[in-house]
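Colleague: Under the working numbering, read the sequence shown as residues 181 to 383, first letter to last. Note that CB positions come from ideal geometry on N, CA and C, so glycine has one too. Small disclaimer: the values here were computed from a predicted structure and weren't measured.
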Amino acid sequence: MQTVKQIASEIVAREGGYVNDPDDPGGATKYGVTIHTLRRLGLDLTNDGAVDARDVRALTRQQAVEIFITYYYDRPRIGEMPADLRPSLFDMYVNAGSNAVRILQRLLVEMGYPVAVDGVIGPQTLAAAQNAAGTDAGLLRDAYGVARRNYYFRLADARPASRKYARTRAGGKGGWIRRAESFVSPEYRLSDAEFRERVSGWD
181 MQTVKQIASE IVAREGGYVN DPDDPGGATK YGVTIHTLRR LGLDLTNDGA
231 VDARDVRALT RQQAVEIFIT YYYDRPRIGE MPADLRPSLF DMYVNAGSNA
281 VRILQRLLVE MGYPVAVDGV IGPQTLAAAQ NAAGTDAGLL RDAYGVARRN
331 YYFRLADARP ASRKYARTRA GGKGGWIRRA ESFVSPEYRL SDAEFRERVS
381 GWD
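#1: Does DSSP put T250 in a helix, a strand or coil?
#2: Taking 8 Å as the threshold, find out whether the stretch 321 to 332 comes into contact with the stretch 280 to 299 through three or more Cβ pairs.
#3: Is it buried or exposed, T250, if we count other Cβ atoms within 10 angstroms and call 16 or more buried?
#4: For G196, tell me which candidate among S189, Y211 and G206 has the shortest Cα-Cα distance.
#5: What residue does the alpha helix (DSSP H) around A280 start on, and which one ends it?
#6: Using DSSP with H/G/I as helix, E/B as strand and the rest coil, what is T315?
#7: Answer yes or no: do G302 and V184 have a C-beta to C-beta separation smaller than 8 Å?
#8: What does the Cβ neighbour count give for L288, buried or exposed, with the cut at 16 atoms within 10 Å?
#9: Counting Cβ pairs closer than 8 Å, one from the stretch 358 to 372 and one from the stretch 215 to 225, do we hit at least three?
#10: Does the Cβ of T348 have 16 or more other Cβ atoms within 10 Å, making it buried, or fewer, making it exposed?
#11: Is it right to say V199 is buried, meaning 16 or more other beta carbons lie within 10 angstroms of its own, or is it exposed?
#12: So the alpha helix (DSSP H) R219 belongs to, where does it begin and stop?
#13: Less than 8 Å separating the beta-carbons of S365 and G314?
#14: On the DSSP bridge assignment, give the partners of V199 in chain order.
#15: Can you tell me whether R376 is helix, strand or coil according to DSSP?
#16: Could you give the uninterrupted runs of the alpha helix (DSSP H) lying entirely in the stretch 324 to 363, keeping only those of 4 residues or more?
#17: Which residues bound the alpha helix (DSSP H) around V300?
Below, the structure is given as structure tokens:
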């Protein structure tokens, strides 16, 4: 079983270096840490009295790992979730904040558990996730991965500017979809033909 630091280090590697894509609402980002996160945490890394893109550029890998573990794993209580679910939920929390938990909560509601969809991991959500995991937590992990993929598809359906994150220029699976499917068993990943069919309505 991976440690939380190993999982966080993989997320940092997956996120990559500094980018400032005008189509990304996150703004200036490095290793998955956005300028909004640095401002919210009051991290003036350059000690110049302002938190701006220069602070994002100054962020180190180790600082990113520590931010993720503290604010995206420990505080949201992801470490209390079923072990097989943690890597995907942690990765999605870094990518989508509390929406990661809402995706899980909606899935649990669909499975028949009386869970509030509020983006907060509390006793109700923890108990439902543990019960849903049962003796085969891999099934919950796979179901969550598919729900993540569907979330990304819906974002891209609604916002054409975001489609480049879900589909490559060559027409294959984009980073969002590959990211979600990296946490699910092979049999639940879309084939190339199934993917093309799903996005066939996009411009």
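Modeller: On the basis of the supplied data:
#1: In the structure shown, the three-state DSSP call for T250 is helix.
#2: With a cut-off of 8 Å on Cβ pairs, the stretch 321 to 332 is in contact with the stretch 280 to 299, counting three or more such pairs.
#3: Flag for T250 reads exposed.
#4: Y211
#5: N279 to E290
#6: coil
#7: The answer is no: Cβ separation not under 8 Å.
#8: Flag for L288 reads buried.
#9: no
#10: exposed
#11: By the 10 Å Cβ count, V199 comes out exposed.
#12: I215 to L221
#13: no
#14: T209
#15: helix
#16: 343 to 346 and 355 to 361
#17: No alpha helix (DSSP H) holds V300; DSSP gives it neither H nor E.
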